[in-house]
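Peer 1: Residue numbers (the numbering used here): 1111 to 1510. Yeah, the Cβ is synthetic: ideal placement off N, Cα and C, and Gly gets one too. Please read all numbers here as calculations on a predicted model, not as lab measurements. Have a look at the structure that comes next, please.
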């Protein structure tokens, strides 16, 4: 749930008089709902300290869908009729595209379509898993659980992105700085060394050679780098064998592989818990769960589990046979099946591994900082030493 904040509002009261004020709430949509209960029709609601005009642009992201789901769950829990809830949420969003999406869904629902069938018309924002959950939630009242599921999964994705982005960004900066030194700084030293009339140290000659190569082919190096990145991305999209090979390699990477593996297990447990609790049959739930793991090794394992379960085998036995899931998860699933509380045990497993990912990301960040400083020191310091080494040697000769 979002933290409470102060919102500034403008609107009209029951007598039609214009009024304005402040209200504490977690989101603009919930603030509008509270004002409506007080007999005030709010026309503008904005967090205090910001302008009253809504910010523009931006595509609808998964985090926006998670926020929309949470707001709808809150409205429905408060007893607000479905169509009216759409109006309240749409009026409170800051992204125009998200508002357009919500109003389009609202129009379909007002026309007699179910919530699930309305969002199925927007597959770019609502995948099959989400639609199936909403479809089950309309009968079982599980929209609140769906909102929690979306928030948890988006939070987990953000943590994994943080773990992967930080070291990559720093290494890219290191490469750019090294490139600038090779192309712009080293040539200046090379002109100075040309007047020495003595043989340069081997290390300096090596750096100068790299510099000459970078000066001659810098454009080709940049184009080749982008072309290689694009080619790898396309092959990854089109080749199942390449994708499976890369996913296996990624899982074996030190530290990062552990984070990716734990996040895949957490997503598996969270998604299966939510779908099963929402009333989706286990075999159908496993169909939806496979794609949510984010790694082809686990996708294949989940499909194998699905096939085994469809023949009558217990879930924990089939999971154990894949050799992919850790013993803790297998045991939790076995206890859940035995006690008739599978969704609860899966939920506990998901929470445990989400916490493990959180701790691993923090540890990786702490570990990467000294490693990154060391790498930068070797790259930049090595170039500086290479350039000053002839000067040091010349000074030693002069001093004799």
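What is the rounded straight-line gap between the Cα of residue 1261 and the Cα of residue 1173?
Peer 2: Roughly 8 Å between the two C-alpha positions.
Peer 1: By the 10 Å Cβ neighbour count, where 16 or more other Cβ atoms means buried, how is residue 1294 classified, buried or exposed?
Peer 2: With fewer than 16 Cβ atoms within 10 Å of its Cβ, residue 1294 is classed as exposed.
Peer 1: Note the first and the last residue of the continuous alpha helix (DSSP H) segment covering residue 1385.
Peer 2: Start and end: 1366-1387.
Peer 1: Taking the beta carbon of residue 1429 as the centre, do at least 16 other beta carbons fall within 10 Å, making it buried, or is it exposed?
Peer 2: Burial call: buried.
Peer 1: Closer than 8 Å, CB to CB, is residue 1234 near chain D or not?
Peer 2: The chain labelled as chain D is not found in the depicted structure, where only one protein chain is given.
Peer 1: Hey, quick one: how far does the beta strand (DSSP E) through residue 1118 stretch, first residue to last?
Peer 2: Where residue 1118 is concerned, the enclosing beta strand (DSSP E) stretches over 1115-1122.
Peer 1: If you draw a straight line from the C-alpha of residue 1301 to the C-alpha of residue 1290, how long is it?
Peer 2: Approximately 17 Å, taken between the alpha carbons.
Peer 1: When DSSP labels each residue in this structure, what does residue 1295 get in the three-state scheme?
Peer 2: Reduced to three states, the DSSP call for residue 1295 is helix.
Peer 1: At what residue ranges does the region 1421-1457 contain a whole run of the alpha helix (DSSP H), taking only runs of 4 or more?
Peer 2: List check, alpha helix (DSSP H) in window: 1425-1432 and 1437-1449.
Peer 1: So the alpha helix (DSSP H) residue 1340 belongs to, where does it begin and stop?
Peer 2: It spans 1312-1348 - the alpha helix (DSSP H) in which residue 1340 sits, taken as one unbroken run.
Peer 1: For a test of the three-state rule: what should DSSP assign to residue 1221, helix, strand or coil?
Peer 2: Coil at residue 1221, not helix or strand.
Peer 1: Relative to the C-alpha of residue 1238, which candidate in 1402, 1183 and 1446 has its C-alpha closest?
Peer 2: Comparing Cα positions, the closest option is 1402.
Peer 1: Around the C-beta of residue 1249, are 16 or more other C-beta atoms found within 10 angstroms, so that it is buried, or is it exposed?
Peer 2: In this prediction, residue 1249 scores a pLDDT of 46, lower than 50, which makes its location untrustworthy; the coordinate-derived value is nonetheless stated afterwards. With fewer than 16 other Cβ atoms within 10 Å, it is exposed.
Peer 1: Nearest to residue 1450 by alpha carbon, out of 1466, 1425, 1431 and 1473?
Peer 2: Minimum Cα distance to residue 1450 is reached at 1425.
Peer 1: What residue range does the alpha helix (DSSP H) around residue 1399 cover?
Peer 2: First-last of the alpha helix (DSSP H) with residue 1399: 1392-1400.
Peer 1: Are at least three pairs of beta-carbons, each pair with one atom in the region 1378-1391 and one in the region 1436-1453, less than 8 Å apart?
Peer 2: Contact between the region 1378-1391 and the region 1436-1453 is present, because at least three Cβ pairs lie under 8 Å.
Peer 1: Grab me the residues of residue 1241's own chain with a C-beta within less than 7 Å of its C-beta, minus the 5 sequence neighbours each way, in chain order.
Peer 2: Contacts found: 1226, 1229 and 1230.
Peer 1: Can you grab the Cα-Cα spacing for the pair residue 1378 / residue 1348, in whole Å?
Peer 2: Approximately 24 Å, taken between the alpha carbons.
Peer 1: My assumption, with CB atoms under 8 Å, is that residue 1407 sits in contact with residue 1357. Please give the rounded CB distance.
Peer 2: Contact holds; Cβ gap of about 5 Å.
Peer 1: Would you mind reading off the limits of the alpha helix (DSSP H) that contains residue 1288?
Peer 2: Residues 1253-1290.
Peer 1: Within 10 angstroms of the Cβ of residue 1309, are there 16 or more other Cβ atoms? Answer buried if so, exposed if not.
Peer 2: Residue 1309 is exposed by the Cβ-count criterion.
Peer 1: Going by beta-carbon coordinates alone, are residue 1183 and residue 1254 separated by less than 8 Å?
Peer 2: Contact: yes.
Peer 1: Alpha carbon to alpha carbon, what distance is there between residue 1270 and residue 1485?
Peer 2: The straight-line gap from Cα to Cα measures roughly 23 Å.
Peer 1: Determine contact between the region 1280-1288 and the region 1479-1493, defined as no fewer than three beta-carbon pairs at a distance below 8 Å.
Peer 2: Yes, the region 1280-1288 touches the region 1479-1493.
Peer 1: When DSSP labels each residue in this structure, what does residue 1500 get in the three-state scheme?
Peer 2: It is helical.
Peer 1: Can you tell me whether residue 1194 is buried or exposed, with buried defined as 16 or more other CB within 10 angstroms of its CB?
Peer 2: Residue 1194 is exposed by the Cβ-count criterion.
Peer 1: Would residue 1200 and residue 1209 qualify as a contact pair, given that the criterion is a beta-carbon distance under 8 Å?
Peer 2: Yes, these two residues count as a Cβ contact at 8 Å.
Peer 1: Can the beta-carbon of residue 1179 be found closer than 8 Å to that of residue 1256?
Peer 2: Contact flag set, yes.
Peer 1: Assess contact between the region 1408-1415 and the region 1436-1444, defined as three or more Cβ pairs (one per stretch) separated by less than 8 Å. Is contact present?
Peer 2: With a cut-off of 8 Å, the region 1436-1444 and the region 1408-1415 do not count as touching, because too few Cβ pairs lie within range.
Peer 1: What is the rounded straight-line gap between the Cα of residue 1334 and the Cα of residue 1156?
Peer 2: Their backbone Cα atoms lie some 48 Å apart in a straight line.
Peer 1: Please classify residue 1197: is it buried, with 16 or more other beta-carbons within 10 angstroms of its beta-carbon, or exposed?
Peer 2: Residue 1197 is buried by the Cβ-count criterion.
Peer 1: Could you check how far apart the C-beta atoms of residue 1143 and residue 1185 are, in whole angstroms? I think they sit under 8 Å.
Peer 2: Confirmed, about 6 Å.
Peer 1: Any idea what DSSP makes of residue 1133, helix, strand or coil?
Peer 2: It is a strand residue.
Peer 1: Exposed or buried, residue 1298, counting other C-beta atoms within 10 Å across all chains shown (16 or more means buried)?
Peer 2: Looking at its Cβ environment, which holds fewer than 16 other Cβ atoms inside 10 Å, residue 1298 is exposed.
Peer 1: Would you decide whether residue 1211 is buried or exposed? Buried here means 16 or more other CB atoms lie within 10 Å of its CB.
Peer 2: When all chains shown are included, residue 1211 counts as buried.
Peer 1: Less than 8 Å separating the beta-carbons of residue 1456 and residue 1419?
Peer 2: Not in contact: residue 1456 and residue 1419 (Cβ atoms no closer than 8 Å).
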